[in-house]
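Going line by line, the protein sequences match chains W and C. When you line the first sequence up against our numbering, it's residues 6 to 564, in that order. When you line the second sequence up against our numbering, it's residues 266 to 564, in that order.
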Amino acid sequence: MMSRTLNSKSASFNLMKFELKRRLGILILMIIGVLLICPSYMVIYFSNIPYSQKSQYVSTWIDGFSMFSAIFGGIVVVGLNLLNFSFLYKRNAADFMDSMPLKRSQTLLSLSACSFIFSIIPIIIGFISLSVVAATNQNAGLIPSILLNFVYVAVCLIAVCVYSLIFILASANVFDFLVSFFGINIGASVIGLIVCQIFNDFLIGYAGNLTGEIISRSSPLAYIYWNVYDCVYENKSPLSFFIVSAVLIVLFAIINILLYNKRKSENTGKAFAYKFMFYICAVIASLCGGFAFGTIFAEDSGMHSPLFYIFTVIGAAVTSVVYGAITFRGFKTVKKSLIIAGISAVMLFGAIGIVKMDITDFSSYIPKDNIKYVTADIGETDIRFDNPEKAVKLHKAIIKKEGVIAKEDYYGDDVTLIRFEYMLKNKKTVARGFYVNTDKVKNEISDILKSNERFDQMRENLNKSDGSTVDIYFYDNDKQNISSYLTKAEAKEFIDIYQSELLSGERTVIPLIHISEDNEQNIVNLSFDTGYYEFIVDNSFPASKEYLIKLNLASRNME
Amino acid sequence: MITAKHLTKSFDGYNALNNITLNIEEGAVLGLVGSNGSGKSTLLRLIAGVYSPDEGIVGINGENSFDNPKIKSQIIFLADTPYFFSGSNLKEMANFYASMYSTFDYNMYNYLLSVFPLDESKRISTFSKGMRRQASLICALSAKPRYLLLDEAFDGLDVVMRRTLANLIFAAIEKENMTVVIASHNIRELEEVADHIALIHKGDIIKSGSIDDLCSNVHKVQAVFNDGFDEENLNGLQIIKTEKTGSVYQFIIRGEKEEISQKINSLSPIFTEYIAPSLEEIFVYELEVAGYDVKNIEQ
């Protein structure tokens with residue numbers, strides 16, 4: 006007997022094909038849009054660029070197009086996932102799709118694959134165009150970089166596709182999806198910021214650059230986009246991104262299969278197909294709401310004031326109740342919402358308590374034997390020390406000396422931000438930042454500013470600079486502000502003279518933020534694309550001063 | 266054969282179906298009737314594999330249909346509100362059915378297009394309610410399923426189209442030995458199509474069988490007796506309902522006609538009349554027995 010059944014794999018493939026075909030119009034529009042950007046606009050733009058600069062511009066385009074593709078493709082893949090799975094939110098649509106001769110896992114795979122394929126097609130065409138433009142502009146060497154960037158984008162889109170699907174499957178209507186997807190992802194980043202604020206308030210040495218790291222780990226979405234940016238623009242090694250993304254994709258795929266297979270068709274239209282999503286959203290909402298209330302009402306002393314804790318509890322309760330009322334269209338869940346608010350407040354206060362105890366000795370920790378190198382930032386371009394002795398000495402002095410760390414975070418006459426970043430032999434980094442009363446550690450700072458490492462690095466950065474000149478700002482003998490330039494060779498000579506004069510006497514050098522009004526007119530400032538340095542050239546630096554006068558920089562500027 | 270064995274399904278603590286056992290023979294047309302929320306649509310969704318049963322088995326020949334493409338490829342379920350992809354036309358929907366069901370027959374599709382006068386290139390969203398119903402029936406019948414499940418199949422169809430649909434169903438049964446299950450509130454419509462009827466109430470099948478059997482087993486008797494008549498004299502008969510208007514008694518009695526007339530005649534009535542109750546009346550009486558009484562609802 007002839008089989009009456011269509012192979013369910015074929016049916017699954019047919020479903021994907023059908024969904025793609027019926028959105029063909031939008032796909033064509035997207036492809037035209039991409040082709041208008043790349044190559045059309047790119048080629049027109051390139052016709053006005055000198056041959057020598059084309060390589061740099063192609064490179065900039067690759068980065069820009071990659072990031073654009075990741076963001077645009079991400080929006081498309083989430084939107085299309087929502088459209089493809091919107092049948093879950095309508096009774097008759099769910100009846101129709103669920104009665105089709107497919108296994109549930111096949112429906113899931115077909116529709117999610119359709120979302121990914123739909124969003125990746127225009128991007129593939131864009132990257133092919135980019136490669137062709139690069140090759141025809143004698144930049145064929147950039148093609149591996151284009152391919153690598155395409156892989157970043159593809160990995161990013163797969164991850165966004167499977168990640169967004171979790172929210173779509175756990176929701177019972179579009180409103181639930183919007184609240185949970187944006188609420189959890191934006192909320193997680195806000196919680197990341199709250200954690201940073203707690204660290205900043207209670208941990209001595211919390212460095213601002215940790216904020217980026219914390220936010221990048223706040224949610225899978227933040228992690229994915231942060232790392233795509235780092236790989237594309239910062240040329241970060243992609244290995245860890247690929248490994249973590251692969252793990253996340255597999256994990257989310259498993260969660261999706263479990264959620265979809267267990268998702269009851271009869272849950273269509275109710276608030277959240279899976280209740281856990283409501284609880285997660287409610288906890289995040291009440292945490293953020295509570296913290297916002299507490300911060301607003303205890304503006305002056307923040308988390309150090311009892312007012313903060315009182316208003317955090319009130320804020321958490323209000324936010325939680327309002328969120329519950331919106332989700333369930335009424336005040337049936339007030340009791341549940343209040344319990345959630347209580348849990349959120351306890352979580353927040355618990356986090357503050359744990360941070361305050363500093364059980365990891367964060368505030369006093371200084372890496373010891375396993376340091377590969379350390380960079381110190383004292384208001385100039387970072388100084389790298391392969392021998393960490395001088396930087397560690399300053400770090401120790403900051404922690405141990407009485408009154409060194411400023412109580413308030415501000416740049417004042419005698420306060421500056423000093424940061425250390427330790428690169429450890431196990432490739433981990435440890436970063437610390439302090440607002441320091443520089444007067445109390447001026448000897449240790451002076452050692453750093455007088456160090457060979459500082460001057461060697463100035464010269465190295467000067468060599469790396471793409472420009473042929475260095476900007477210079479200083480006051481002449483008539484106390485007139487001169488803004489001019491030095492050639493690279495002149496800048497190097499000035500640095501040599503200044504260094505020899507600096508090391509010839511027993512001087513204490515302090516950061517220029519700490520400078521007195523009298524000394525302000527002795528500042529010489531060198532600035533170029535790879536470095537920024539400040540020098541005091543007072544009467545005790547006659548040779549350096551003489552050198553600048555001899556160059557007659559004021560007239561050079563007039564030219 | 267469609268089978269349901271000890272089938273139970275509940276939603277948030279509400280028992281939609283309660284330990285139902287049902288067999289529907291190949292080539293039969295079963296009408297499912299029942300009150301609102303009785304579980305008719307739930308039973309269809311369970312047979313179609315849309316819902317998974319909490320307990321028991323439901324499917325074809327003892328094999329569960331839930332998440333079973335082999336079984337589901339033999340079933341087409343049309344819900345009470347037909348669904349079409351947004352912006353689609355009939356041709357696209359037919360193509361979709363064809364991509365899902367290998368049995369889809371474009372000749373049949375073209376024939377049905379001539380029967381139901383619809384423009385296949387027009388967007389279905391512009392169709393009226395009845396036209397949408399027709400569009401969904403065209404797709405379903407063109408796919409030539411072995412089992413066709415229709416929820417409120419006649420809803421929105423005019424008299425001519427209802428007749429046409431009934432004829433098409435009969436033709437499909439004759440040619441393909443198709444089995445049809447139709448859920449409806451309208452018993453009169455079902456009476457024209459179905460050969461078997463099942464009455465569902467509060468998740469239980471309280472009555473089922475062929476229409477002839479159901480009708481021949483319930484009798485409406487009107488009688489006038491001499492003074493001194495006592496209802497207790499009719500003990501032994503399965504009286505479903507008794508009503509008295511003036512001196513006229515009206516009994517709804519289940520059982521063999523001969524046995525009933527013998528018993529009533531033994532009480533020497535002044536007047537007796539036997540009226541064949543309609544299917545609708547029979548179900549109303551059965552529902553009253555089950556507690557679903559118009560009077561109770563009005564109270």
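For glycine and all other residues, C-beta sits at the position ideal for the given N, C-alpha and C. Treat the numbers as computed from the prediction; the structure is a model and nothing was measured.
- In the three-state reduction of the DSSP assignment, residue 329(W) falls in the helix class.
- For the region 257-271 of chain W, the beta-carbon criterion of a distance under 9 Å to any beta-carbon of chain C is satisfied by 266, 269, 270 and 271.
- Within chain W, the C-beta atoms nearer than 8 Å to that of residue 334(C) come from 10, 13, 16, 106, 107, 108 and 111, in chain order.
- In summary, the residues of the region 361-382 of chain C whose CB is separated from some CB of chain W by less than 8 Å are 361, 364, 365, 366, 367 and 368, in the order they occur in the chain.
- By the rule that beta-carbons nearer than 8 Å mark a contact, residue 315(C) touches chain W.
- Rounded to whole angstroms, the gap between the alpha carbons of residue 520(C) and residue 389(C) is 51 Å.
- Of all residues in the region 86-98 of chain W, only 97 and 98 place a beta-carbon less than 7 Å from a beta-carbon of chain C.
- Taking C-alpha positions only, residue 69(W) is separated from residue 147(W) by approximately 14 Å.
- When beta bridges are read from the DSSP output, residue 327(C) appears opposite no residue.
- In this structure, DSSP gives residue 315(C) a state outside helix and strand, which the three-state scheme calls coil.
- Here residue 371(W) really is in contact with residue 401(W); their C-beta atoms are around 6 Å apart, less than 8 Å.
- Look at residue 461(C) here: in three-state DSSP terms it is strand.
- At a cut-off of 8 Å, the C-beta of residue 27(W) has a neighbouring C-beta in chain C.
- With contact defined as three or more Cβ pairs closer than 8 Å, the region 287-300 of chain C and the region 330-338 of chain C are not in contact.
- By the Cβ rule, the region 251-258 of chain W does not count as touching the region 180-188 of chain W, because fewer than three pairs are nearer than 8 Å.
- Using a CB distance below 8 Å, the part of the region 22-56 of chain W facing chain C consists of 22, 23 and 27, ordered along the chain.
- Neighbours of residue 181(W) across chain C, judged by C-beta separation under 8 Å, do not exist; the nearest C-beta is about 18 Å away.
- Taking 8 Å as the cut-off, the beta carbon of residue 48(W) is found no closer than this to the beta carbon of residue 127(W).
- Two segments are said to touch when three or more pairs of C-beta atoms, one from each, lie closer than 8 Å; by this definition the region 403-417 of chain C touches the region 354-372 of chain C.
- Between the region 441-450 of chain C and the region 499-510 of chain C, the count of Cβ pairs shorter than 8 Å is below three; the stretches do not touch.
- Per the coordinates, the alpha-carbon of residue 539(C) lies some 16 Å from the alpha-carbon of residue 531(C).
- CA-CA distance, residue 219(W) to residue 201(W), rounds to 7 Å.
- Judged by beta-carbon spacing, residue 453(C) lies beyond the 8 Å limit of residue 422(C), meaning their Cβ atoms are not closer than that value.
- Put simply, the CB of residue 538(C) is far from chain W, with every gap to its CB atoms at 8 Å or more.
- By DSSP's assignment, residue 412(C) forms a beta bridge with 340(C) and 444(C).
- Looking at 172(W), 134(W), 366(W) and 16(W), the one whose alpha-carbon comes closest to that of residue 286(W) is 172(W).
- By alpha-carbon distance to residue 504(W), the top candidate from 491(W), 546(W) and 379(W) is 546(W).
- The region 535-554 of chain C makes contact with the region 480-493 of chain C: 3 or more CB pairs, one atom from each, lie closer than 8 Å.
- Counting only runs of 4+ residues, the alpha helix (DSSP H) found wholly inside the region 34-87 of chain W occupies 47-51, in chain order.
- DSSP places residue 484(C) in no alpha helix (DSSP H) but in the uninterrupted beta strand (DSSP E) bounded by 483-489.
- Residue range 280-302 is occupied by the alpha helix (DSSP H) that includes residue 282(W).
- In the pairwise beta carbon analysis, the region 257-272 of chain W is classified as touching the region 107-121 of chain W: at least three pairs are separated by under 8 Å.
- The C-beta of residue 462(W) has 16 or more other C-beta atoms within 10 Å across all chains shown, which makes the residue buried.
- As summarised for the region 396-481 of chain W, the continuous beta strand (DSSP E) elements at least 3 residues long and confined to that stretch are 420-429, 434-442 and 474-480, given in chain order.
- In this structure, the CA atom of residue 513(C) is about 5 Å from the CA atom of residue 489(C).
- Excluding its 5 nearest sequence neighbours in each direction, residue 157(W) has C-beta neighbours in its own chain below 8 Å: 71, 75, 233, 236, 237, 243 and 246, listed in chain order.
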